[in-house]
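Trainee: Going by UniProt numbering, the residue at position 54 of the sequence shown is 54; the numbering climbs one at a time, nothing skipped. Ideal Cβ positions, reconstructed from N, Cα and C, are used throughout, including at glycine.
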Amino acid sequence: MNIENLIKEKACTIVDVRSHEEFMGGHVTDSINIPLGDIQERMEEVESLKQPLILCCASGNRSGQAQHYLAQKGIDCYNGGSWLDVNFYQSQTT
1 MNIENLIKEK ACTIVDVRSH EEFMGGHVTD SINIPLGDIQ ERMEEVESLK
51 QPLILCCASG NRSGQAQHYL AQKGIDCYNG GSWLDVNFYQ SQTT
């Protein structure tokens with residue numbers, strides 16, 4: 001299943017890895033904010049989330065880094081790229 005369908009069907013958890021300040025400036029509804037720099041210390045929380053995780057940030061760079069790290073830890077996750085793209089997909093939910 002592709003990322004767009006996972007988001008549209010609410011079959012995932014959306015994790016925004018931008019800073020708290022960026023997140024407060026606008027984010028995907030029902031997404032969780034775990035800044036990239038906090039992922040390692042919040043692994044227990046990450047592991048408890050409904051998988052797969054769709055990771056997003058401003059451009060896809062930080063979410064790509066998070067995806068690489070989490071995949072190495074056995075987490076089912078995808079780089080969703082920009083939070084604006086993820087937000088667009090979510091706006092088309094069935």
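#1: By the DSSP assignment, the alpha helix (DSSP H) with I7 in it spans what residues?
#2: I'd like to know if the region 66-75 and the region 22-29 are in contact, where contact means that at least 3 CB-CB pairs between them fall below 8 Å.
#3: For V17, which of helix, strand or coil comes out of DSSP?
#4: For the alpha helix (DSSP H) that L84 lies in, which residues bound it at each end?
#5: Using a threshold of 8 Å, state whether the C-beta atoms of I39 and I3 are closer than that.
#6: Taking the alpha carbon of D76 as the point to measure from, which residue in E47, R42, Q92 has its own alpha carbon closest?
Mentor: Quick answer:
#1: 3-8
#2: no
#3: coil
#4: 83-91
#5: no
#6: E47
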